[in-house]
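Asker: Pasting a structure here, questions to come.
Chains as they are written, first to last, in our numbering: chain A, 1 to 202; chain B, 1 to 212.
Laid out in structure tokens, this is it:
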């Protein structure tokens with residue numbers, strides 16, 4: 001088995017992936033094209049724009065917002081967003097003096113059906129190590145300087161609950177349509193490392 | 001396992017590198033590795049998600065930190081495929097024309113003797129302490145909360161207890177509990193006095209706090 005230098009001089013990850021795929025195909029465990037089909041389906045299913053639609057709906061529909069906060073899994077499913085890593089979704093409501101931010105310190109768990117497959121920074125040792133301990137400096141580094149009176153709640157995704165932040169609706173968006181609102185929601189805001197901004201405020 | 005994966009609270013990593021307009025997969029093999037894992041778990045039933053997480057945790061720590069996310073995925077999948085006898089190391093290395101770095105072997109883990117409880121043991125508002133445990137195998141209780149006290153703010157549904165599930169032990173479903181800790185109780189006086197950290201913990205990890 002491995003020793004502390006065995007990864008050096010190994011075949012490239014690309015060559016190893018290709019080898020594993022070919023060996024499984026040779027054994028008849030993967031049908032031709034099945035892997036590409038599966039990948040395409042998962043990429044389509046796991047899209048953070050789904051979460052943006054959930055947020056926009058919650059901003060325009062008080063009843064939906066209430067249901068979303070009471071049962072995130074069901075409210076997301078009502079818009080068609082279900083699947084692996086979305087079995088139990090809890091939505092975290094930002095308030096003017098409370099800011100929520102999500103991490104998975106032990107791996108990189110994320111609510112795939114609404115947040116998509118997470119970006120590299122979310123999966124990086126630096127983010128995983130630091131944000132639970134020093135959220136304020138980390139958020140500031142990432143461009144979000146919170147006033148001292150805003151409390152921070154960091155949520156560590158250590159079990160099977162998958163979290164999503166419901167960010168504050170920005171000022172100046174009164175009367176906007178659900179579609180217009182969905183277009184300004186970002187994945188970073190639903191993880192909690194950014195606020196939602198309008199083109200004017202940004 | 002008190003492994004390299006349990007990163008919460010470690011210092012010295014420097015700034016967080018953010019890539020603008022990042023693609024889902026940087027190279028085609030990353031998408032293939034992701035799909036291979038989905039296929040292995042979902043269609044082949046070669047292993048479960050807890051075994052998968054633990055295989056990545058068993059990577060050599062130096063390799064773990066050097067590997068980007070999808071190389072960790074690939075290493076977890078390949079290690080389990082060999083361990084489960086689906087493929088052999090020789091087959092993989094022959095096909096790759098080079099060496100495969102695999103995860104270190106699994107620890108021997110015995111059942112903890114607990115049984116599933118009929119009702120949730122904890123309720124919202126309970127003050128709990130995280131047991132100071134150091135299992136040799138897979139566990140989802142991070143080091144930074146062990147021995148710490150917090151308040152239950154939510155009781156989630158029952159999920160498979162991962163410390164057993166990752167090692168082929170008799171399965172047990174139990175609720176997980178969202179426990180809120182004051183940042184200062186975890187990190188000392190440098191932390192902001194108003195900030196809090198919430199950790200999602202299986203009941204087995206918890207006991208009633210002092211003075212209850």
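Note that beta-carbon positions come from the ideal geometry of N, C-alpha and C, so glycine has one too.
Keep in mind the model is a prediction, meaning the values are calculated, not measured.
Closer than 7 Å by C-beta to residue 183 (chain A): which residues in its own chain qualify, once you throw out the five before and the five after it? Chain order, please.
Answerer: Correct list: empty, nothing qualifies.
Asker: For residue 178 (chain A), tell me which candidate among A:121, A:49, A:67 has the shortest Cα-Cα distance.
Answerer: Selected option, being the one with the closest Cα: A:49.
Asker: Helix, strand or coil: which one does DSSP assign to residue 26 (chain B)?
Answerer: If DSSP states are grouped into helix, strand and coil, residue 26 (chain B) belongs with coil.
Asker: Note the first and the last residue of the continuous beta strand (DSSP E) segment covering residue 156 (chain B).
Answerer: 149-160 is the span of the beta strand (DSSP E), which, as asked, contains residue 156 (chain B).
Asker: Is the Cβ of residue 47 (chain B) closer than 7 Å to any Cβ of chain A?
Answerer: Chain A, which has no Cβ nearer than 7 Å to the Cβ of residue 47 (chain B), makes this no.
Asker: On the DSSP bridge assignment, give the partners of residue 182 (chain B) in chain order.
Answerer: Answer is B:196, bridged to residue 182 (chain B).
Asker: Could you give the residue range of the beta strand (DSSP E) that holds residue 103 (chain A)?
Answerer: Its beta strand (DSSP E) spans residues 98-103.
Asker: Scan the segment 81-136 of chain A and note each continuous alpha helix (DSSP H) run of 4 residues or more that stays entirely inside, going in chain order.
Answerer: List check, alpha helix (DSSP H) in window: 112-115, 120-123, 125-130.
Asker: Rounded C-beta distance between residue 200 (chain B) and residue 158 (chain A)? I'm assuming under 8 Å.
Answerer: That pair is a contact at about 5 Å.
Asker: Go ahead and label residue 45 (chain B) buried or exposed: buried means 16 or more other beta carbons lie within 10 angstroms of its beta carbon, across all protein chains shown.
Answerer: The residue is exposed, with fewer than 16 neighbouring Cβ atoms inside 10 Å.
Asker: Going by CA-CA distance only, name the one from A:64, A:42, A:15 that's closest to residue 166 (chain A).
Answerer: Checking every option, the nearest Cα to that of residue 166 (chain A) belongs to A:64.
Asker: From residue 288 (chain B) to residue 39 (chain B), what does the alpha carbon distance come to, in whole angstroms?
Answerer: No answer is possible for residue 288 (chain B): the residues shown for chain B start at 1 and end at 212.
Asker: Starting from the beta carbon of residue 133 (chain B), find every residue of chain A whose beta carbon is closer than 7 Å, and list them in chain order.
Answerer: Per Cβ cutoff of 7 Å: no residues; residue 133 (chain B) is ~14 Å from chain A at best.
Asker: Using a C-beta to C-beta distance shorter than 7 Å, which residues of chain A count as neighbours of residue 5 (chain B)?
Answerer: By Cβ distance, chain A contributes 106, 107.
Asker: Can you give me the start and stop residues for the alpha helix (DSSP H) that residue 48 (chain A) sits inside?
Answerer: Residue 48 (chain A) -> alpha helix (DSSP H) spans 48-60.
Asker: Give the DSSP bridge partners of residue 166 (chain A), in chain order.
Answerer: A:93, per the DSSP bridge assignment.
Asker: Considering only the alpha carbon of each residue, which of A:180, A:161, A:134, A:189 lies closest to residue 16 (chain B)?
Answerer: Ranking the options by Cα distance to residue 16 (chain B), first place goes to A:134.
Asker: To the nearest angstrom, how far is the alpha carbon of residue 2 (chain A) from that of residue 61 (chain B)?
Answerer: Residue placement at residue 2 (chain A) is flagged as unreliable, the pLDDT there being 46, under the threshold of 50; a coordinate-derived value is accordingly withheld.
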